[in-house]
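First the structure, in the form of structure tokens, and then the observations on it.
Residue numbers (my numbering): 2 to 211.
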């Protein structure tokens, strides 16, 4: 897949996820608000909650798709660092998927505040670990692209900021400020690659990966 196509899919998905997360799922995602208000919302909007979960899973997929396209198009595959980045990306995705699935499927079935607290804690543990590792690998890939002079710094800074903002997630969740910042920065990064063809790291290959 060409980078510009992967970026456009990621930009659309992350843009939708930001809007849905802020304006549709704000109430059930407000963990500190108490279980009563959240349970009422979940009972009345079960389909919306499930749809939001599937959108989050799609966002995880497009995050991986964009990073894999960048790695494949720019970073030498034989590097140990590239193999480590690929493995870390898979682990991050599995943790994030686990957190989303726990929240998506189990939270609406909570019978009381105690059970909801347990599910929130389990989901946030998975999500925090996934965001930490995902932030690390995103920032690492972005830094490598600039360090190896494969892309100019302005092309990689949003990805670097996105990764850095996600790193403190295990220690700050359920506070969502930095998580929203990380997602917004990654959205900006995707838009940057979606808006125009990126510089080619290997001009002799033409526009194959642009």
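Note that beta-carbon positions come from the ideal geometry of N, C-alpha and C, so glycine has one too. Fair warning: this is a prediction, and the values are worked out from it, not measured in the lab.
In the DSSP assignment, residue 85 falls within the unbroken alpha helix (DSSP H) covering 81-107. Counting C-beta atoms within 10 angstroms of its own C-beta, residue 115 has fewer than 16 neighbours from the protein chains shown and is therefore classed as exposed.
Residue 51 holds the alpha-carbon nearest to the alpha-carbon of residue 106 among 199, 169 and 51.
Contact check for residue 56 against residue 12 fails: the beta carbons are separated by 8 Å or more. Boundaries of the alpha helix (DSSP H) harbouring residue 155: 154-167, taken from the DSSP string. Close CB contacts of residue 123 within its chain, under the 6 Å cut and outside five residues either way in sequence, are with 103 (chain order).
Put simply, the backbone Cα of residue 10 is about 34 Å away from that of residue 38. Annotated three-state conformation of residue 111 is coil, per DSSP.
Counting only residues of its own chain and dropping the five nearest sequence neighbours on each side, residue 86 has a CB closer than 7 Å to the CB of 72, 138, 141 and 142. Secondary structure of residue 171 (DSSP, three-state): helix. Judged by DSSP secondary structure, residue 39 falls within the alpha helix (DSSP H) whose first and last residues are 36-45.
Contact check for residue 97 against residue 120 fails: the beta carbons are separated by 8 Å or more. When the Cα atoms are used, residue 177 and residue 35 turn out to be separated by approximately 16 Å. For residue 199 against residue 158, the beta-carbon gap comes to about 14 Å, at or over 8 Å, which does not count as contact.
In chain order, 159, 160 and 163 place their CB closer than 7 Å to the CB of residue 190, counting only its own chain and leaving out the 5 sequence neighbours on each side.
Approximately 4 Å separates the beta-carbon atoms of residue 170 and residue 132; this is inside 8 Å, confirming the contact.
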